[in-house]
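Data first, discussion second: the structure below is written as structure tokens.
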């Protein structure tokens, strides 16, 4: 089991024993969120031992630096900033935090709230200007810690040539409508965007060391936030162009933006040796591992349905339930008479872009999942690991089998605030007494 998370996002004490079907979901979800907490990930990656500090995957002498600054962005910005504050304390000379949750007063740095959305939202340009101003004020004897979590691209991805912010925001909205996956959308934002993406933040730093720590949703750390410390490669522009051609959207780009994806288009300068490769400190695997451990410790059998469930909510429900049926049938027939039941997990994003709010897809998933439940006593839940505080609402729902002709009434799962974002967690519970 993981340590209790710094920010307790769950009302009430943790369930000691899972006795009811909803309690089993609560145990799994609580453990998943705590296991993927950005605070713990950053605290593990930043460790001070006397005059030496661990920065991701390397160790350096503190005497090397005059200033240590940080920028923390995205849905888990507050947790990551808190981790840095606890790890380095007075070593931090300046910082800036931008995310959907307010910064606690005990972290004495600048902060601004950034609601969920897409690049080009109102206020994004001001946040980007603050980030680049801080980065540009650092010199060769300084260190910039860049904490990048899903949602960072909302602030970092300025419009490409030919777009203003509003048109950029609207055009990005057409990607999902055309069938783009979450990864497709991230690739396009990284390849087309300007400002802080594609290495833009690191490029603004005049010689300071840049260490980037990332919370990711399963598509790779370089895509989170558009990769503010990773230069775009020619192959990435070719791939983004191919995505838009497949979706039939390449021609919808203004000519100036379309030209930036041409094979012979000159790229911005690369990044120097002072910019380190991003280090992932939290992801879906951490959530799955912690949830599985918590369930196994209580006498249930934990199984993984898939490393990722693709598709929009209805398709994701069909894929997940089909896989759950296979896993449960096999598990209940393996002769393990001691298990109390089987709990099956899988991560998904419902193909929502990294800055979006998956909760609007929960009702569609719940209806589709409830209609496909075939085992007596089975329940299925879907949970948002970020549990965005703005707008407020439940972080998950649990459903039983749907009665023909009756409406599906999901049971909401409360969560107070966001501490991470590794996508959504799907959970199916089949009690032992279902037979097999």
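Numbering (our numbering), first residue to last: 2 to 437.
Using N, Cα and C, we set each Cβ at its ideal position, and we do this for glycine too.
Taking the straight line between their C-alpha atoms, what separation do you get for residue 414 and residue 27? Near 8 Å, if we compare the C-alpha coordinates of residue 27 and residue 414.
Beta-carbon contacts of residue 186 that lie in its chain and below 6 Å, excluding the five residues immediately before and after: When the five nearest sequence neighbours on each side are left out, the beta carbons in the same chain lying within less than 6 Å of the beta carbon of residue 186 are those of 176, 354, in order along the chain.
Buried or exposed: which applies to residue 321, given that a residue is buried once 16 or more other Cβ atoms fall within 10 Å of its Cβ? Per the 10 Å Cβ criterion, buried.
Since residue 344 and residue 25 are thought to touch, with beta carbons under 8 Å apart, how far apart are those beta carbons, to the nearest angstrom? 6 Å between Cβ atoms; contact.
Looking only at its own chain, which residues have a Cβ that is under 8 Å from the Cβ of residue 280, when we skip the five neighbours before and after it? Result list for residue 280: 46, 57, 58, 212, 213, 214, 215, 222, in chain order.
Enumerate in chain order the residues of its own chain whose CB-to-CB distance from residue 5 is below 6 Å, with the five nearest sequence positions on each side excluded. In this predicted model, residue 5 has a pLDDT of only 45, less than 50, meaning its place in the structure is not dependable; the value taken from the coordinates is given anyway. If we look at residue 5 and ignore the five residues flanking it on each side, it has no Cβ neighbours.
Where residue 11 and residue 265 are concerned, what is the direct C-alpha to C-alpha distance, given to the nearest angstrom? Looking at the two C-alpha atoms, the distance is approximately 52 Å.
Touch test, the region 239-246 against the region 161-175, Cβ-Cβ under 8 Å, three pairs minimum: They do not touch, by the three-pair rule.
Alpha carbon to alpha carbon, how far is residue 230 from residue 309? Answer to the nearest angstrom: the Cα atoms are 26 Å apart.
Paired residues, beta bridge with residue 304 - DSSP: Paired residue(s): 345.
Sub-7 Å separation of residue 33 and residue 288 beta-carbons: Yes, the Cβ-Cβ distance between residue 33 and residue 288 is below 7 Å.
Cα-Cα separation, residue 435 to residue 328: Only weak support exists for where residue 435 lies, its pLDDT of 44 falling under 50; the coordinates are left without a value.
Alpha carbons only, please: which of 232, 172, 401 is nearest the one belonging to residue 271? Minimum Cα distance to residue 271 is reached at 232.
Simplified DSSP state of residue 50, which is helix, strand or coil: The answer is strand: DSSP assigns residue 50 an E or B state.
Starting from the N-terminal side, write out each stretch of the beta strand (DSSP E) that is 3 residues or longer and does not extend beyond the region 394-430. Within the region 394-430, the complete beta strand (DSSP E) runs of at least 3 residues are 397-400, 412-414.
Using the beta-carbon count (16 or more within 10 Å), is residue 50 buried or exposed? Counting the other CB atoms within 10 Å of its CB gives residue 50 a total below 16, which places it among the exposed residues.
So for residue 389, helix, strand or coil by DSSP? When DSSP states are grouped into helix, strand and coil, residue 389 belongs to the coil group.
Under a Cβ-count criterion, where at least 16 other Cβ atoms within 10 Å of its own Cβ denotes burial, should residue 346 be classed as buried or exposed? By the neighbour-count criterion, in which a residue is buried when 16 or more other Cβ atoms sit within 10 angstroms of its Cβ, residue 346 is buried.
If residue 218 sits next to residue 350, beta carbons under 8 Å apart, how far is it from one beta carbon to the other, in whole angstroms? Residue 218 to residue 350, Cβ: 6 Å. Contact.
Would you kindly work out how many angstroms separate the C-alpha atoms of residue 178 and residue 427, rounded to a whole number? Using only the alpha carbons, I get a separation of about 24 Å.
Could you spell out the range, first to last residue, of the beta strand (DSSP E) harbouring residue 1? Residue 1 lies beyond the residue range present for the chain, which begins at 2 and ends at 437; the question has no answer from this structure.
Is the Cβ of residue 153 closer than 7 Å to any Cβ of chain D? The chain inventory of the structure shown lacks chain D, comprising one protein chain alone.
Which same chain residues, not among the five before or five after residue 23, have their C-beta less than 7 Å away from its C-beta? For residue 23, where only same-chain residues beyond five positions count, the Cβ hits under 7 Å are 399, 412.
Counting Cβ pairs closer than 8 Å, one from the region 146-154 and one from the region 376-385, do we hit at least three? By the criterion of at least three beta-carbon pairs nearer than 8 Å, the region 146-154 is not in contact with the region 376-385.
State the start and end residues of the unbroken alpha helix (DSSP H) segment that holds residue 239. According to the DSSP assignment, residue 239 belongs to the alpha helix (DSSP H) that extends over 235-248.
By DSSP, does residue 1 sit in helix, in strand, or in coil? No information on residue 1 is available, as it lies outside the stretch 2 to 437 that the chain covers here.
So, for residue 373: in the same chain, excluding its five sequence neighbours on each side, which residues have a beta-carbon less than 6 Å away from its beta-carbon? Counting only Cβ-Cβ distances below 6 Å, and skipping sequence neighbours, we find 322.
Between residue 62 and the rest of its own chain, which residues show a CB-CB distance below 7 Å, the 5 nearest in sequence each way excluded? Cβ-Cβ distances below 7 Å link residue 62 to 52, 53 in the same chain, with the five nearest sequence neighbours on each side left out; the list follows chain order.
Mind checking which residues open and close the beta strand (DSSP E) that includes residue 111? Residue range 111-114 is occupied by the beta strand (DSSP E) that includes residue 111.
For residue 42, collect the residues of the same chain with a Cβ closer than 6 Å to its Cβ; drop the 5 residues on either side in sequence, then sort them by chain order. 282, 283, listed in sequence order.
Can you tell me which of 141, 294, 159, 188 puts its alpha carbon nearest to the alpha carbon of residue 197? Nearest C-alpha to residue 197: 159.
So, helix, strand or coil for residue 309, using DSSP? The answer is coil: DSSP assigns residue 309 none of H, G, I, E or B.
Please state the DSSP three-state secondary structure of residue 5. Residue placement at residue 5 cannot be trusted, given a pLDDT of 45 that sits under 50; what the coordinates show is reported in the next sentence. Coil at residue 5, not helix or strand.
Have a look at 72, 377, 409 and flag the residue whose alpha-carbon is nearest the alpha-carbon of residue 439. Outside the shown range of the chain (2 to 437) lies residue 439, about which nothing can therefore be said.
Tell me the start and end of each unbroken beta strand (DSSP E) in the region 104-162 that is at least 3 residues and wholly inside, in chain order. Taking 3 residues as the minimum length, the beta strand (DSSP E) runs contained wholly in the region 104-162 are 111-114, 143-149, in order along the chain.
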